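Working notes, structure below.
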Amino acid sequence: GILIAYLGFPPFVVTLGMLSIARSLAMVASNNTVVFQFGPDHDKLLALGGGAFVFGIANPVLYTIVLALITGFVLRWTKFGRHIFAIGGNEHAATLTGVPVRQIKVAVYMISALAAGIAGIIQTGWLGAVTTNLGNGMELQVIAATVIGGANLAGGMGTAFGAVVGAALIEVIRNSLGLLGINAFWQGVFIGGAILLAVLFDRIRNFRRNE
């Protein structure tokens, strides 16, 4: 966040760079082996990610619902959320109106990193083991989910509910392909195509709005 907000680095470049650094450090820390023992809190971790505390609903589903509700509330009903949309819609105009653009950017990237870390912990508990390639390609799935859910890649538009719906649709498509007996290697093709179609529809929507 600091590199982007204060030094002007392109967000996409910083994301890819830090992604490579984090994965390499994970390989070094784990010696590129499968980790399935997590110390004295091993059972608690497995219960956290793989349990079902409420009405038999898997914990990750409950976490997703709670996080979506909190995120939706923050984006819609708080000044912080309005500042985020203002920066995404027109960063220069947001600066002129007194929005602390740099501080908001750093905060958003910190929250994003925190959420990614929590997701990794939950997924580890769900699977009961972790490898260095866990989560590979998930960054594209996240982009696909948000775009399919109505977010604008240029910024200024999107909802937490839409992102959840987009993620659910991707999983429905993935499971449907598996039930149809389609090779798993083709799943990336369909997800990539979904991203392109969503972006195309977004462009058409913006064009019609600006007419």
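Residue 55 is where the sequence shown starts when you use this note's numbering, and the numbers rise one by one after that.
Virtual Cβ for every residue (Gly too), placed ideally from N, Cα, C.
Model, not experiment: these values are computed from the prediction.
Tell me the rounded alpha-carbon separation between residue i and residue j.
{"i": "V253", "j": "V108", "result": "37 Å"}
{"i": "S230", "j": "Q157", "result": "43 Å"}
{"i": "L207", "j": "T178", "result": "29 Å"}
{"i": "P154", "j": "G110", "result": "44 Å"}
{"i": "A217", "j": "V196", "result": "8 Å"}
{"i": "G215", "j": "N86", "result": "Note on residue identity: the sequence assigns Phe, not Gly, to residue 215. Whole-angstrom Cα-Cα distance: 36 Å."}
{"i": "A198", "j": "F255", "result": "13 Å"}
{"i": "R262", "j": "S78", "result": "45 Å"}
{"i": "I236", "j": "G143", "result": "40 Å"}
{"i": "A147", "j": "G209", "result": "14 Å"}
{"i": "P65", "j": "R136", "result": "21 Å"}
{"i": "L99", "j": "L194", "result": "27 Å"}
{"i": "V88", "j": "L250", "result": "35 Å"}
{"i": "V120", "j": "G93", "result": "28 Å"}
{"i": "T118", "j": "V82", "result": "31 Å"}
{"i": "F63", "j": "E145", "result": "15 Å"}
{"i": "G171", "j": "M72", "result": "14 Å"}
Can you tell me where the alpha helix (DSSP H) with residue i in it begins and where it stops?
{"i": "N144", "result": "Unbroken run through N144: none, as it is neither H nor E."}
{"i": "L100", "result": "96–104"}
{"i": "T69", "result": "65–84"}
{"i": "L57", "result": "56–59"}
{"i": "F215", "result": "214–233"}
{"i": "T186", "result": "No alpha helix (DSSP H) contains T186, which DSSP labels as neither H nor E."}
{"i": "V153", "result": "No alpha helix (DSSP H) contains V153, which DSSP labels as neither H nor E."}
{"i": "M211", "result": "Careful: M211 lies outside any alpha helix (DSSP H) and carries neither H nor E."}
{"i": "A205", "result": "That residue, A205, is in no alpha helix (DSSP H); it is neither H nor E in DSSP."}
Based on the DSSP output, what are the partners of residue i in its beta bridges?
{"i": "I119", "result": "Paired residue(s): none; I119 is not in a bridge."}
{"i": "I111", "result": "V108"}
{"i": "V89", "result": "V184"}
Just to confirm, is the Cβ distance from residue i to residue j under 9 Å?
{"i": "G189", "j": "F90", "result": "no"}
{"i": "I56", "j": "V160", "result": "yes"}
{"i": "G204", "j": "M211", "result": "yes"}
{"i": "G126", "j": "P114", "result": "no"}
{"i": "Y296", "j": "A80", "result": "The structure shown does not extend to residue 296, since the chain spans only 55 to 265, so no value can be given for it."}
{"i": "I258", "j": "F244", "result": "no"}
{"i": "V184", "j": "G174", "result": "yes"}
{"i": "A140", "j": "T132", "result": "no"}
{"i": "F122", "j": "W180", "result": "Looking at the sequence shown, residue 122 is not Phe but Ala. No, the pair does not count as a contact, with Cβ atoms beyond the cut-off."}
{"i": "S84", "j": "T200", "result": "no"}
{"i": "L116", "j": "T213", "result": "no"}
{"i": "I202", "j": "L234", "result": "no"}
{"i": "A238", "j": "G246", "result": "no"}
Would you say residue i reaches chain D, if we count a Cβ-Cβ gap shorter than 9 Å as a contact?
{"i": "D97", "result": "Considering every chain present, this structure includes no chain D. It has just one protein chain."}
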